[in-house]
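With the first letter of the sequence shown counted as 1, position 38 gets the number 61 in the working numbering; the numbers rise by one all the way through.
The beta carbon of each residue, even a glycine, is placed where N, CA and C say it ideally should be.
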Amino acid sequence: MLAAQNKYVFKVNKQAGKFQIKEAVEGYYGVQVLGVNTVKIHPKKRIHGRTTGWKKGFKKAIITLKEGDTIAAVEGI
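And the structure:
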């Protein structure tokens, strides 16, 4: 769905900045990144019987690529 709009979603390190994410994607996949949007997913409380725990939070990045560029490693997943 997002791949049709040239957007890909990756789970990234919580401390990573947008510029670091852009450089990493361009270097690793050899594509041109037009934009990076990030979302922090906060930890959530989970109850397992009488035990209360927390599901870890994480950060995800939505990468917008130049028209015509694709990331073959995630195509068809």
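A straight line joining the alpha-carbon of residue 73 with that of residue 79 spans about 19 Å. In this structure, residue 89 lies away from residue 32, with their beta-carbon atoms at least 8 Å apart. Exposure of residue 97 is indicated by the presence of fewer than 16 other C-beta atoms within 10 angstroms of its C-beta. Judged by DSSP secondary structure, residue 76 falls within the beta strand (DSSP E) whose first and last residues are 74-78. If the five residues before and after residue 52 are omitted, its C-beta is found closer than 8 Å to the C-beta atoms of 94, 96, all from its own chain and listed in chain order. The three-state secondary structure of residue 58, taken from DSSP, is strand. Linking residue 48 to residue 40 through their CA atoms gives a straight-line distance of about 12 Å. Pairing residue 45 with residue 59 gives a Cβ-Cβ distance under 8 Å.
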